[in-house]
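Here the structure is laid out as structure tokens; the discussion comes afterwards.
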Amino acid sequence: MFSFFRKKPADAQAAAGTQSVTLEPAGPAAAEQAAADAAPPSQRRSWIERLRGGLRKTGSSITQVFSAARIDDALYDELEAALLMADAGPSATRHLLDDLKRRVRERNARDPAAVRALLEDVLADLLLPLERPLEIGRAGCTVMMVVGVNGAGKTTSIGKLACHLAEAHQKVLLAAADTFRAAAREQLAVWAHRVGTARDAVEIVSQQGGDPAAVTYDAVVAGRSRGCDVVIADTAGRLPTQLHLMEELKKVQRVIAKADPQAPHEVLMVVDGNTGQNALAQVRAFDAALGLTGLIVTKLDGTAKGGVLAAIALWARERAAMQPGRRTLAVYFLGVGEALEDLQSFSAREFAQALLG
Ligand SMILES: Nc1nc2c(ncn2[C@@H]2O[C@H](COP(=O)(O)OP(=O)(O)OP(=O)(O)O)[C@@H](O)[C@H]2O)c(=O)[nH]1
Ligand SMILES: [Mg+2]
Numbered sequence: 000m001f002s003f004f005r006k007k008p009a010d011a012q013a014a015a016g017t018q019s020v021t022l023e024p025a026g027p028a029a030a031e032q033a034a035a036d037a038a039p040p041s042q043r044r045s046w047i048e049r050l051r052g053g054l055r056k057t058g059s060s061i062t063q064v065f066s067a068a069r070i071d072d073a074l075y076d077e078l079e080a081a082l083l084m085a086d087a088g089p090s091a092t093r094h095l096l097d098d099l100k101r102r103v104r105e106r107n108a109r110d111p112a113a114v115r116a117l118l119e120d121v122l123a124d125l126l127l128p129l130e131r132p133l134e135i136g137r138a139g140c141t142v143m144m145v146v147g148v149n150g151a152g153k154t155t156s157i158g159k160l161a162c163h164l165a166e167a168h169q170k171v172l173l174a175a176a177d178t179f180r181a182a183a184r185e186q187l188a189v190w191a192h193r194v195g196t197a198r199d200a201v202e203i204v205s206q207q208g209g210d211p212a213a214v215t216y217d218a219v220v221a222g223r224s225r226g227c228d229v230v231i232a233d234t235a236g237r238l239p240t241q242l243h244l245m246e247e248l249k250k251v252q253r254v255i256a257k258a259d260p261q262a263p264h265e266v267l268m269v270v271d272g273n274t275g276q277n278a279l280a281q282v283r284a285f286d287a288a289l290g291l292t293g294l295i296v297t298k299l300d301g302t303a304k305g306g307v308l309a310a311i312a313l314w315a316r317e318r319a320a321m322q323p324g325r326r327t328l329a330v331y332f333l334g335v336g337e338a339l340e341d342l343q344s345f346s347a348r349e350f351a352q353a354l355l356g
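Read the sequence shown against this note's numbering and you will find it ends at 356, with the numbers running on by one and no gaps.
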């Protein structure tokens, strides 16, 4: 079940004097590691099946386009409609179609099935810059703050992530900085105790009715002094239009930097995959306020159409072109359900395959 984590063995870490654990998408190297860890590759397969199942509607409407007998304007028109229906949005749809037509010309492709294969390449290439491992351990204590709109799956994703990190022998401290919901702390605690090995490795800092910035500051200070590998702050959900709540998030970010000038090392936004084109507007707004480093896209097991990832990828590419020195945006994980193993690392190729049915 941990096949998507590539981790150095504990003794190799000790010999190298490092605590570096890299959570990687399942490429060929990860597949090799999976075999070495005796983690069942079937788990990753079944997870992809769930992703495919979630995106089935999109997949079948795109597949249908390629059942046409020949490649003509009608096929491209239908494909455009299918991509728009899949929430890819006008800019990414145009990008995908232009790139596809160029490749079809270059390869002199004549068969709709060949065009479908080229579309998979086009989509995978667009998504590829988003595929990056979440690096833990470059800084002594990696501090992450997790943000997003209400109910996107922040607390659940943090819980899953904390369990996975604990399984990878990382000491984790969670800051219950969602002081709005009394149940948020308990929700985190349930996750923290879900797997046996996590019991000693995951601690929680909370403050009844406290100030989110104060809880987070305490947690970062405690995490550093207790030698934790990772501190994750769970914040309350909010809409980017709630300006005073966005200011509150900026304050959380500032106090983290007071406790550790290099932190937060990650500002992660959790995005509900069902949000459609609105998701892009939300990501842009949170990025403008906080400077996001990565995304976790959840609920791709339900009625999500998935195309919004193409829209996010195109925007991330433009963002990188406008700010060349800046770290590019990553999609670290996808969520396809409520169980621990339903949080998996993002692979551009796998996603493209799932989306195209
Ligand atoms: N089907 C499905 N449900 C999910 C997924 N991730 C989270 N959920 C569910 O979504 C609901 C909301 O999740 P939370 O983790 O509480 O969301 P949150 O962002 O912390 O919510 P607030 O703190 O209220 O803003 C819960 O019922 C979760 O079980 C997923 O990948 N798939
Ligand atoms: Mg929450």
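Every residue gets a Cβ at the ideal spot worked out from N, C-alpha and C, and that includes glycine.
Spatial distance of L342 from L160 (CA atoms): Between L342 and L160, the C-alpha separation is close to 8 Å.
Contact test: K153 Cβ vs ligand 2 heavy atom, cutoff 7 Å: Checking the 7 Å criterion, the Cβ of K153 is within range of a heavy atom belonging to ligand 2.
Could you check which residue in V229, K56 and V121 has the C-alpha nearest to that of R137? Considering only alpha carbons, the answer is V229.
Are the CB atoms of V251 and T292 within a distance shorter than 8 Å? With contacts defined by Cβ atoms closer than 8 Å, T292 and V251 do not form a contacting pair.
Local Cβ density within 10 Å of Q207, reported as buried at 16 or more and exposed below that: With fewer than 16 neighbouring CB atoms inside 10 Å of its own CB, Q207 falls in the exposed class.
Is there a C-beta anywhere in chain C that falls below 8 Å from the one on R318? Absent from the structure: chain C. Only one protein chain is present.
Regarding D341 and ligand 1, is the C-beta to nearest heavy atom distance less than 7 Å? Short note on D341: C-beta closer than 7 Å to some heavy atom of ligand 1.
Limits of the unbroken alpha helix (DSSP H) element including F179: No alpha helix (DSSP H) contains F179, which DSSP labels as neither H nor E.
What is the rounded straight-line gap between the Cα of L117 and the Cα of A108? Taking the straight line from one Cα to the other gives about 9 Å.
Expected contact under 8 Å - CB spacing of L299 and G305 to nearest Å: Sure, about 6 Å apart at Cβ, within 8 Å.
Nearest candidate by alpha-carbon position, reference L96, set Y331, L74 and A112: The option with the nearest alpha carbon to L96 is L74.
Whose C-alpha, out of L308, R51 and A212, is nearest the C-alpha of L127? Distances from the alpha-carbon of L127 to those of L308, R51 and A212 put L308 closest.
How is the alpha helix (DSSP H) around V220 delimited, first residue to last? According to the DSSP assignment, V220 belongs to the alpha helix (DSSP H) that extends over P211 to S224.
Which ranges would you report for the alpha helix (DSSP H) in the stretch 119 to 178 if only whole runs of at least 4 residues count? Counting whole runs of 4 or more residues, the stretch 119 to 178 contains the alpha helix (DSSP H) stretches 153 to 166.
Supposed contact pair N273 and A303 - C-beta distance, whole angstroms, cut 8 Å: For a cut-off of 8 Å, the C-beta gap from A303 to N273 is around 5 Å, short enough to register as a contact.
So which of A176, G209 and A212 has the shortest CA-CA distance to I203? Nearest C-alpha to I203: A176.
Hey, out of D71, S66, R69 and D86, whose CA is closest to A278's CA? Measuring from the Cα of A278, the nearest candidate turns out to be D86.
Below 8 Å on the Cβ atoms is my guess for G356 versus T62; work out the distance and round it to an integer in Å. The C-beta distance from G356 to T62 rounds to 4 Å, short enough to fall under 8 Å.
Who are the Cβ neighbours of G222 in its own chain at under 6 Å, not counting the five residues just before and after it? Excluding its 5 nearest sequence neighbours in each direction, G222 has C-beta neighbours in its own chain below 6 Å: C140, L172 and V230, listed in chain order.
Contact check, A151 vs G236 under 8 Å by CB: the rounded distance? Between G236 and A151 the Cβ distance is about 6 Å, and since that is below 8 Å, they are a contact.
Under the three-state reduction of DSSP, which class applies to G52: helix, strand or coil? If DSSP states are grouped into helix, strand and coil, G52 belongs with the helices.
Find out if the Cβ-Cβ distance for the pair C162, L333 is shorter than 8 Å. For C162 and L333, no; Cβs fall outside 8 Å.
At which residue ranges does the stretch 77 to 107 contain complete beta strand (DSSP E) runs of 3 or more residues, listed in the order of the chain? Whole beta strand (DSSP E) segments, 3+ residues: zero.
Nearest-angstrom Cβ-Cβ length linking T234 and V145, presumed shorter than 8 Å: Contact flag correct, Cβ pair sits at about 6 Å.
C-alpha distance - H94 paired with I295, whole-angstrom precision: So the two alpha carbons sit approximately 24 Å from each other.
Quick one: measure Cβ to Cβ for V148 and Q281, integer angstroms, because I've assumed they're closer than 8 Å. So it is a contact: roughly 6 Å between Cβ atoms.
Tell me whether L99 is buried or exposed, calling it buried when 16 or more other Cβ atoms sit within 10 Å of its Cβ. Per the 10 Å Cβ criterion, buried.
Give a single yes or no on whether G236 has its beta carbon closer than 7 Å to a heavy atom of ligand 2. Short note on G236: C-beta closer than 7 Å to some heavy atom of ligand 2.
Classify A351 as helix, strand or coil using the three-state DSSP reduction. In the structure shown, A351 adopts helical secondary structure according to DSSP, grouped into three states.
Regarding A183 and ligand 2, is the C-beta to nearest heavy atom distance less than 7 Å? Placement of the Cβ of A183 at a distance of less than 7 Å from at least one heavy atom of ligand 2 is found.
Kindly indicate which three-state DSSP category V20 falls into: helix, strand or coil? Reliability of the predicted coordinates at V20 is poor, the pLDDT of 41 falling under 50, and no value is obtained from them.
Using the Cβ count rule (16 or more neighbours within 10 Å means buried), how would you classify A181? When all chains shown are included, A181 counts as exposed.
Unbroken beta strand (DSSP E) runs of length 3 or more, entirely within the stretch 274 to 321: which are they? Runs of beta strand (DSSP E) with 3 or more residues, each lying fully within the stretch 274 to 321, are found at 293 to 297, listed in chain order.
Less than 7 Å between the CB of D177 and some heavy atom of ligand 2, yes or no? Within the cutoff, so yes.
Any idea what DSSP makes of S2, helix, strand or coil? With a pLDDT of 28 at S2, under the threshold of 50, the predicted position of this residue should be treated as unreliable, though the coordinate-derived value follows. If DSSP states are grouped into helix, strand and coil, S2 belongs with coil.
Would you say the beta carbon of G305 is closer than 7 Å to some non-hydrogen atom of ligand 1? Incorrect: G305 has no Cβ contact closer than 7 Å to ligand 1.
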